[in-house]
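J.: Sequential numbering from 20 applies to the sequence shown in my numbering. C-beta atoms are modelled at their ideal positions from N, C-alpha and C, and glycine is treated no differently. Below is the structure I would like to discuss, written out as structure tokens.
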Amino acid sequence: MQNLENCPGIKVGGYYVNNIRYADDTVLIAENKDDLQKLLNIVEEESRKKGLELNSKKTEVMVISRKQEPPNVTYSSMMLNLNSRISLNTWEQ
């Protein structure tokens with residue numbers, strides 16, 4: 020998945036990270052919904068070239084955000100499940 024190297028992610032220790040892979044699992048990391056959708060589109064395209072397909076029933080989205088609205092992320096025209104949401108809202112004193 021060389022094409023992922025040119026996509027933005029989150030900055031960790033001075034380096035941008037947009038995916039973490041272990042065995043047959045991959046975590047895509049993005050700062051916003053549009054970047055996540057771009058990463059997912061690249062994974063979909065590269066996987067199809069190799070005859071692979073993402074299992075959309077096992078694919079989930081987790082949001083860590085200060086914003087209230089959940090993102091709509093699609094794979095093969097199917098909406099992916101928003102599995103969990105962690106809010107970073109702060110209380111004003």
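1. Run through DSSP, which three-state label would N15 get?
2. Given a cut-off of 8 Å, decide if V46 and N38 are closer than it, judged by their beta-carbon atoms.
3. If you check the beta carbons only, do P92 and K57 fall under 8 Å apart?
4. Please name the residue in D43, Y41, N22, A49 whose C-alpha comes closest to that of Y35.
5. Cα separation between V62 and A42?
T.: Result, derived from the coordinates:
1. For residue 15 there is no data in the structure shown, the boundaries of the chain being 20 and 112.
2. yes
3. In the sequence under discussion, the amino acid at residue 92 is Val, which differs from the Pro named in the question. Result no, Cβ atoms of V92 and K57 do not sit closer than 8 Å.
4. A49
5. 16 Å
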